[in-house]
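First the structure, in the form of structure tokens, and then the observations on it.
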Amino acid sequence: MRKLTFLITILITSTFTTVHAQESAGEQPRTEWDLPDLQGVWNFATNIPMERPAAFADKPFLSEEEIAGIAARTEAGLQALTDAGPNGYNTFWLEMGSGKDNRTSLINYPENGRLPARREGIEIVNGGLGNDVSGNRPVRFIVGGIGKDGPEDRGTSERCLMGFNAGPPFTPNLYNNNIQIFQNQNTAVIMTEMVHTARVVPLDNRPHLEEDLKFWSGDSRGYWDGDTLVVETRNFNDLTKSFGAYGDAEDKLLTERFTRTDQYTMEYEFTVDDPGTFTDKFTAMITMSKVGGQLYEYACHEGNYAMVNLLRAARMEEAQ
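As numbered in the working numbering, residues 504 to 823 make up the sequence shown, in order.
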């Protein structure tokens, strides 16, 4: 519990310096065809939890006094932390986000900042960095596994199929919270750093693919709503979860909204509508910051020594 509290505190309070000062942000850049220019590398790390912690109940914003108190407890926790488990990272490797947003959750609908109730009978499968969990192939959760007989027993991120923050939608995590956007008049491409998944989004009003064509990242179509790029994605396969540990994504409709508010800032809002998994839709908003650098290849499958070593260690343990 102490470690969980420490991580939640870090996620709420940590701040990093952004690439550019907000004061020099200027106006919203536009393309030569007079639409917002969304191109470039964007970071979606945040210091705000996805769901509102129970301690804040129906309180959507923290006061200055609460922020100061959490910061003090965080510093005390850093000073007191002496033991480091083999599964952890040093704190300075973790990407905790930036800015002074004092919201208590990324979810802004429902108004309580929490995920809606799940439908009765919906499967909940949580992996993790601890012991393996019970389950069957194909493994649908992101991190952890159901065994070590072969790579198919491991989660999708360990097998380099999907990044654990790539979605869609994008869900901030501890590192590699970057995307790159390319655009022209008829197409946008949204590429995630982890694991270099590229979504090609037509903007020319073509219809979605047939319903029986399913994909890990779904089938996306986009259009402009004023100065906001709206991307609607459906046709997810049933090998991915609807959201988090819940259900599957086969009937999910995802709507994303990209709004560049100034030269260095973009608001990313997503709505998940999956009536087969949740009793209501839900919406979250994440502030993205422009990155003054390149997006480097996340070479996951090439040189995936951790997978080989994990399976080798299991065989050695069996032989003893």
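The C-beta atom is built at its ideal place from N, Cα and C for all residues, glycine as well.
In this structure, does DSSP put residue i in helix, strand or coil?
| i | result |
| --- | --- |
| Gly725 | strand |
| Asn546 | strand |
| Tyr801 | coil |
| Ala748 | coil |
| Glu735 | strand |
| Ile551 | coil |
| Ala822 | helix |
| Asn611 | strand |
| Ile625 | coil |
| Arg576 | helix |
| Arg533 | strand |
| Leu814 | helix |
| Ala787 | strand |
| Ala524 | Low per-residue confidence applies at Ala524: pLDDT is 41, beneath 50, and the placement is therefore not dependable, though the value from the model is reported in the following sentence. In the structure shown, Ala524 sits in coil (DSSP, three-state: anything other than H, G, I, E or B). |
Here's the rule: buried if 16 or more other CB atoms are within 10 angstroms of the residue's CB, otherwise exposed. What is residue i?
| i | result |
| --- | --- |
| Trp545 | buried |
| Met697 | buried |
| Ile627 | exposed |
| Ala579 | exposed |
| Val811 | exposed |
| Gln688 | exposed |
| Gln686 | buried |
| Thr549 | buried |
| Gly600 | buried |
| Thr743 | buried |
| Glu568 | exposed |
| Ser745 | buried |
| Glu623 | exposed |
| Ala691 | buried |
| Ser792 | buried |
| Met819 | exposed |
| Ala802 | exposed |
| Ala752 | buried |
| Asn708 | exposed |
| Phe547 | buried |
| Glu598 | buried |
| Thr700 | buried |
| Ala787 | buried |
| Asn676 | buried |
| Gln525 | Confidence is the limiting factor: at Gln525 the pLDDT is only 43, short of 50, which leaves the residue's position unreliable and the question unanswerable from this model. |
| Phe785 | buried |
| Thr534 | exposed |
| Asn639 | exposed |
Identify, in the order they occur along the chain, each residue of the same chain with its Cβ nearer than 8 Å to the Cβ of residue i, setting aside the five sequence neighbours on each side.
| i | result |
| --- | --- |
| Leu712 | Asp722 and Asn738 |
| Cys663 | Val698, Cys803, His804 and Asn807 |
| Phe718 | Asn738, Phe739 and Asn740 |
| Arg621 | Ile627, Tyr749, Gly750, Thr780, Phe781 and Thr782 |
| Asp728 | Arg760 |
| Leu716 | Asp722 and Asn738 |
Take residue i and list the residues in its own chain whose beta-carbon comes closer than 6 Å to its own, dropping the five residues that flank it on each side.
| i | result |
| --- | --- |
| Leu756 | Arg737 and Asp776 |
| Ala817 | Lys651 |
| Gly647 | Gly630, Gly631 and Gly658 |
| Thr466 | With the chain covering only 504 through 823, there is no way to say anything about residue 466. |
| Arg815 | none |
| Asn634 | none |
| Ile645 | Gly658, Thr659, Ser660 and Phe667 |
| Val734 | Val704, Ser723, Gly725 and Glu759 |
| Gly656 | Here residue 656 is Asp; the residue named in the question, Gly, does not match the sequence. Correct list, in chain order: Gly648, Ile649 and Gly650. |
| Phe559 | Thr607 |
| Trp536 | Gln688 |
Cutting at 7 Å between CB atoms, please list the residues of its own chain near residue i, excluding the five before and the five after it.
| i | result |
| --- | --- |
| Ile625 | Tyr749, Gly750 and Thr780 |
| Thr762 | Asp730, Thr731, Met769 and Glu770 |
| Glu821 | none |
| Lys562 | Thr607 |
| Gln542 | Ile684, Phe685 and Gln686 |
| Leu706 | Asn689, Thr690, Ala691, Gly725 and Tyr726 |
Can you find a heavy atom of the ligand ZN that lies under 8 Å from the Cβ of residue i?
| i | result |
| --- | --- |
| Gly648 | Questions concerning the ligand ZN fall outside what the structure shown contains, since it holds no ligand whatsoever. |
message = To test your reading of the DSSP string, which unbroken beta strand (DSSP E) runs of 3 or more residues are found completely within the segment 628-712?
response = 681-686, 690-695 and 701-705
request  = Could you pull out every unbroken alpha helix (DSSP H) segment of at least 4 residues lying fully inside the segment 758-784, listed in chain order?
outcome  = none
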